[in-house]
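A short write-up of the structure that comes next.
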Amino acid sequence: MRFAALIALFAIAIADELCSVDDLRQKLYALEDELWRNVSDPMWRQSDLGGDVELTKAFVALDELIQAVPRSRRPPLNSWIWTNAIEKMQIIDGHYKYFAEFARTQSRPGAVPAPVREWMDLTEAVLMDPKSSVTNSMKKLGELMSHGEAVTYRLVMLQEGGTDVCTLQMSPHQLIYDIYNTIALAEIKGYAIMQFSWMLLKLYGKGNFSQEASLTRERYGQRTTQAANVVRGVLSSASRDLYRCDPIQHEEGKTYDQVTRLLQGYIENEVDMNPQGTCQENCGYYTLTQRYGCYDDQLCTQQKTCGGRIINCQYIDSDMWVCPSGDSKRRYDWVTYENGRTLGQKGECTSGGHSTKVDSWWRWLFWHCSYCMCLCDDATDSDRYFSLWDATSDVNNNKVVTGLRLIKHGRVFHLQVYESTLKERGLIEGGDWVPVQKFDPLDPQFKDGVDYHTLTYENRAIDLDDLDSPSGHVLTGVRFRMLGAHLHFEIRSTPFNYTTGRLSPEKSQWISNDNTEGSARPRVKLELKNPDIPTRSSVPLAVDSEHDQYVEFTNSDLEADAAQSTVPFIDVQPVLPAGAGALASGAGVLHRGARGSGGFVALRLRTYPHARHVRAEPPADLPRGPDPADGPDFEPTVN
Ligand SMILES: *[C@@H]1O[C@H](CO)[C@@H](O)[C@H](O)[C@H]1NC(C)=O
Ligand SMILES: *[C@@H]1O[C@H](CO)[C@@H](O)[C@H](O)[C@H]1NC(C)=O
Ligand SMILES: *[C@@H]1O[C@H](CO)[C@@H](O)[C@H](O)[C@H]1NC(C)=O
45 MRFAALIALF AIAIADELCS VDDLRQKLYA LEDELWRNVS DPMWRQSDLG
95 GDVELTKAFV ALDELIQAVP RSRRPPLNSW IWTNAIEKMQ IIDGHYKYFA
145 EFARTQSRPG AVPAPVREWM DLTEAVLMDP KSSVTNSMKK LGELMSHGEA
195 VTYRLVMLQE GGTDVCTLQM SPHQLIYDIY NTIALAEIKG YAIMQFSWML
245 LKLYGKGNFS QEASLTRERY GQRTTQAANV VRGVLSSASR DLYRCDPIQH
295 EEGKTYDQVT RLLQGYIENE VDMNPQGTCQ ENCGYYTLTQ RYGCYDDQLC
345 TQQKTCGGRI INCQYIDSDM WVCPSGDSKR RYDWVTYENG RTLGQKGECT
395 SGGHSTKVDS WWRWLFWHCS YCMCLCDDAT DSDRYFSLWD ATSDVNNNKV
445 VTGLRLIKHG RVFHLQVYES TLKERGLIEG GDWVPVQKFD PLDPQFKDGV
495 DYHTLTYENR AIDLDDLDSP SGHVLTGVRF RMLGAHLHFE IRSTPFNYTT
545 GRLSPEKSQW ISNDNTEGSA RPRVKLELKN PDIPTRSSVP LAVDSEHDQY
595 VEFTNSDLEA DAAQSTVPFI DVQPVLPAGA GALASGAGVL HRGARGSGGF
645 VALRLRTYPH ARHVRAEPPA DLPRGPDPAD GPDFEPTVN
């Protein structure tokens with residue numbers, strides 16, 4: 045007795061945190077118990093309250109609960125099991141709709157009661173039809189999923205990073221949770237109309253049916269408990285990551301954006317890189333200098349001067365052809381040396397004027413005034429700023445972050461969040477992008493290091509981290525902050541009550557991985573090998589970074605691109621689950637790339653872990669059928 049009470053208490057504690065379908069199933073069990081007790085009670089049947097109208101009213105009330113559960117998207121899986129399962133679910137759904145419509149008509153005040161014959165036809169179709177009954181479909185669906193559930197879910201997990209996760213934009217975890225919800229809801233409908241049918245038959249004195257009903261319940265209880273157990277296990281190991289893959293077509297400003305002119309290939313003659321105007325050193329001597337003059341109307345008058353620092357010069361060859369670029373982000377389209385070496389992609393030189401012959405020269409036969417290939421770090425005309433402002437959802441109005449993106453306004457990159465209202469049992473409603481607060485970093489009221497970060501030769505690392513909230517928390521914000529010289533990513537996480545959906549904004553906290561290069565287990569640098577610009581990649585760019593790494597913005601490869609671009613590029617595609625947002629618990633910054641490509645810096649979203657809310661045990665404490673005190677007329681039957 046005391047043990048049973050304890051179990052009941054435990055069951056209630058769990059029931060509090062159940063997801064919508066599992067909560068609905070518990071409500072259905074409770075209603076079913078009560079109705080069987082009523083239907084089996086001769087007093088109730090004869091009273092004014094009793095009878096089919098009461099039963100239909102109860103069913104209509106249940107239908108409202110069923111309709112309140114949001115429909116999951118039906119995952120477009122290409123598997124034999126899934127196609128068959130959908131077929132069975134459609135049969136069940138057809139019966140259910142018809143039944144619900146009939147019940148609704150019957151329960152309307154003043155409705156003309158349908159003849160008993162009509163009710164009987166309905167229940168017969170549900171229970172007995174040899175080919176298309178609900179009984180039959182439930183059995184087939186049960187068999188199919190008992191054998192195929194694990195297979196189906198494994199299939200979903202294998203598709204991680206594959207086309208489905210890329211195009212559907214759902215994490216495998218989300219897909220599996222949706223499949224579970226789709227099946228569970230179909231089974232709830234099927235089970236409900238089967239039980240109502242038995243009840244109606246009993247009500248009309250067509251037999252006892254307690255054995256049939258309890259067998260149905262037993263099978264259903266076993267099947268759903270097993271399914272929930274399988275799904276809980278699969279969900280705990282399924283990836284919750286969501287990020288964007290390569291778009292079909294790269295489009296600047298739409299799918300990607302660039303940091304520009306951070307370190308850029310720049311040709312300068314030695315004579316102009318020292319204050320004395322001499323040519324007594326070689327290119328390699330100039331590791332960090334600036335431009336001091338423009339000797340004798342040479343190339344220096346024809347190109348835009350590097351107004352910042354000139355870094356890491358090297359000598360390649362004495363004479364060259366230089367093709368100036370028409371693209372304002374680049375200086376040159378290509379450079380070809382007389383020894384045959386070409387930097388960049390040589391083509392006709394039309395975009396920015398004709399190619400120019402540039403020759404080094406000798407001074408008094410001793411000194412070679414060489415043209416060097418250097419890097420220019422010049423902040424004027426350079427898009428190299430990152431906003432350090434918080435991007436958060438309106439927690440005071442119970443909004444959570446359900447999508448993310450990076451976006452460039454003017455010369456500044458911002459984080460932007462998509463917010464939705466959190467409802468009960470992990471559901472979200474609506475959604476919109478929270479407007480970004482734009483600003484001009486050159487306006488003196490905004491401070492470097494406080495409002496924004498300026499990338500420079502020394503400070504150009506961005507941390508690649510994958511962050512998640514503690515259990516019972518959801519994502520409500522993201523931001524960049526400076527950690528040493530690194531641009532560092534953080535998430536805001538807020539606790540919430542799963543059952544009610546209420547956030548506790550005052551308990552929000554910022555979370556980050558504060559590891560640095562200098563620690564005992566230092567952050568690892570992701571090296572970019574011969575990085576050409578990523579939009580030219582011939583292979584798909586997959587995630588190649590891990591948690592606790594960092595990458596430095598740098599010049600593109602000298603051979604491939606004449607070092608004219610800044611890589612990685614920034615992926616600005618929204619990370620918005622299924623185009624509508626999803627409850628999330630974490631986020632991160634990652635790199636997608638490949639050998640020979642600078643790749644993209646991109647965001648990742650981590651969807652909410654649903655596993656612990658999935659449970660389907662039938663209430664063990666409730667007696668099957670009426671209490672012995674209510675009369676001996678209904679008893680559970682085991683097989
Ligand atoms: C079952 O019968 C009792 C007593 O007549 C009634 O109060 C209750 O509403 C009935 N339950 C349902 C679900 O109709
Ligand atoms: C969630 O809210 C419900 C209703 O207010 C409350 O009964 C329950 O204890 C809360 N759960 C937690 C874990 O605080
Ligand atoms: C219904 O069947 C159960 C089990 O077979 C039995 O115990 C009960 O007495 C039956 N009730 C009626 C009214 O026949």
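Using this note's numbering, you'd call the opening residue of the sequence shown number 45 and step up by one each time. For each residue, glycine too, the CB sits at the ideal point set by N, CA and C. Remember, it's a predicted structure, so these values are computed and weren't measured experimentally.
Burial is judged here by how many other beta carbons sit within 10 angstroms of a residue's own beta carbon; TYR336 has fewer than 16 and is exposed. Here the alpha carbons of ARG580 and GLY623 stand approximately 27 Å from one another. Distance from the CA atom of LYS183 to the CA atom of SER176, rounded to whole angstroms, is 11 Å. About 6 Å separates the beta carbon of GLU314 from that of CYS416, a gap short enough to meet the 8 Å contact definition. Annotation: the continuous alpha helix (DSSP H) that includes MET133 extends over 124-151. One Cα belongs to GLY470, the other to GLY545, and the distance between them is close to 7 Å. Contact annotation, CYS327 with SER414: C-beta distance approximately 6 Å; criterion of less than 8 Å satisfied. Linking LYS250 to VAL178 through their CA atoms gives a straight-line distance of about 19 Å.
Sixteen is the threshold: when 16 or more other Cβ atoms of the shown chains lie within 10 Å of the Cβ of PRO612, as they do, the residue is buried. Counted as a single uninterrupted DSSP element, the alpha helix (DSSP H) harbouring ALA257 occupies residues 254-281. Relative to the non-hydrogen atoms of ligand 1, the Cβ of TRP88 comes within a distance shorter than 7 Å of at least one. Residue list for ligand 2: ASN541, THR543 and THR544 (CB closer than 5 Å to any heavy atom, chain order). Assigned with DSSP and collapsed to three states, VAL170 falls in helix.
Distance from the CA atom of SER190 to the CA atom of GLN270, rounded to whole angstroms, is 8 Å. Per DSSP, reduced to three states, the secondary structure at THR651 is strand. With fewer than 16 other beta carbons inside 10 angstroms of its own, PRO159 counts as exposed. Ranking SER281, MET243 and ASN318 by CA distance to the CA of LEU75 puts MET243 first.
Contact check for ILE614 and ASP301: beta-carbon distance about 5 Å, within the 8 Å limit, so the pair qualifies. In the DSSP assignment, SER431 falls within the unbroken beta strand (DSSP E) covering 429-431. Per DSSP, reduced to three states, the secondary structure at PHE644 is strand. Taken through DSSP and simplified to helix, strand or coil, GLY562 comes out as coil. If you keep only unbroken alpha helix (DSSP H) runs of at least 4 residues inside the segment 290-315, you get nothing at all. With 16 or more other Cβ atoms inside 10 Å of its own Cβ, ILE451 counts as buried. Less than 8 Å separates the beta-carbon of HIS635 from that of LEU508. Taking the Cβ of GLU78 as the reference point, at least one heavy atom of ligand 1 falls within a distance shorter than 7 Å.
Around the CB of GLN213, 16 or more other CB atoms lie within 10 Å, so the residue is classed as buried. Spanning the alpha carbons of ASP558 and GLU502 requires a straight line of approximately 20 Å. When secondary structure is reduced to three states using DSSP, HIS191 falls in the helix class. Counting C-beta atoms within 10 angstroms of its own C-beta, ALA586 has fewer than 16 neighbours from the protein chains shown and is therefore classed as exposed. Put simply, the segment 644-660 touches the segment 277-289. At least three CB pairs are less than 8 Å apart.
Distance between GLY352 and ASP422, taken at the CA atoms: about 4 Å.
In the three-state scheme derived from DSSP, where H, G and I count as helix and E and B as strand, GLU78 is classed as helix. Cα atoms of VAL104 and ALA660: separation of roughly 23 Å, rounded to the nearest angstrom. Per DSSP, the beta-bridge partners of GLY630 are ASP512 and ARG650. With a cutoff of 7 Å, ALA102 counts as near ligand 1, since its C-beta is closer than that to a heavy atom of the ligand.
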